[in-house]
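Here the structure comes first, spelled out in structure tokens, and everything after it is commentary.
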Amino acid sequence: MEWIEAAELAAHNLGLGKSLAALSPEHWQLVLASVTDRVRLRGELLPVGWRRTLARQVGRETEARAAAHIVALRAKREEIAAHVAQELGLGDLGELSREDRAAVDRQTNETIEACTADSPEPADCSDADRTMRRLLAEHRALQEQRANEDNAR
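The numbering of the sequence shown is this note's numbering, which starts it at 635 and goes up by one.
Below you can see the structure in the form of structure tokens.
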């Protein structure tokens, strides 16, 4: 692909003798900036997600690693949902009716979205119990970890 060629050329021109997959996050950022500049100089636009696509193509991100992160994020969301169900007095998640599960999912989504730092209308989550605050902090950390990994690539 054209991006790979541009990335390899950038790494070569920057004096980075390693393969693209073995570059440090800092050097990878330099390569990405160079690819971005080259493409823009030609008057082309880069599609959304091109950095992740390029990282996968050159072996910087494996499907297994990406899948493991998604599984961890979903598992943390389920922990939050279980806590929401308990707070609503509905019992265990596995025993809920379809309607109750839908209500728990809506409340879970609202709780996660409202208690993030960059929420357009942040909620005061200080009234959440200690367990919920911990779960939300862990969920937020997983999201930030992914964002940091994406930026490093």
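No residue lacks a Cβ here, since even glycine has one placed at the ideal position from N, Cα and C.
Query: Three-state secondary structure (DSSP) of Ser-653; Result: coil
Query: Start and end residues, alpha helix (DSSP H) containing Leu-730; Result: Segment: none, Leu-730 is in no alpha helix (DSSP H) and carries neither H nor E.
Query: Pair within 7 Å by beta-carbon distance, Leu-776 and Leu-707; Result: yes
Query: DSSP-derived helix/strand/coil call for Val-682; Result: coil
Query: Residue range of the alpha helix (DSSP H) that includes Leu-643; Result: 636 to 647
Query: Beta-carbon contacts of Met-766 that lie in its chain and below 6 Å, excluding the five residues immediately before and after; Result: His-717
Query: CA-to-CA distance, Ser-658 to Trp-801, given in whole angstroms; Result: Because the chain spans 635 through 787 in this model, residue 801 falls outside it and cannot be assessed.
Query: Residue from Leu-675, Ser-668 and Gly-677 with nearest C-alpha to Arg-685; Result: Ser-668
Query: Ala-641 and Val-665 closer than 7 Å at C-beta; Result: yes
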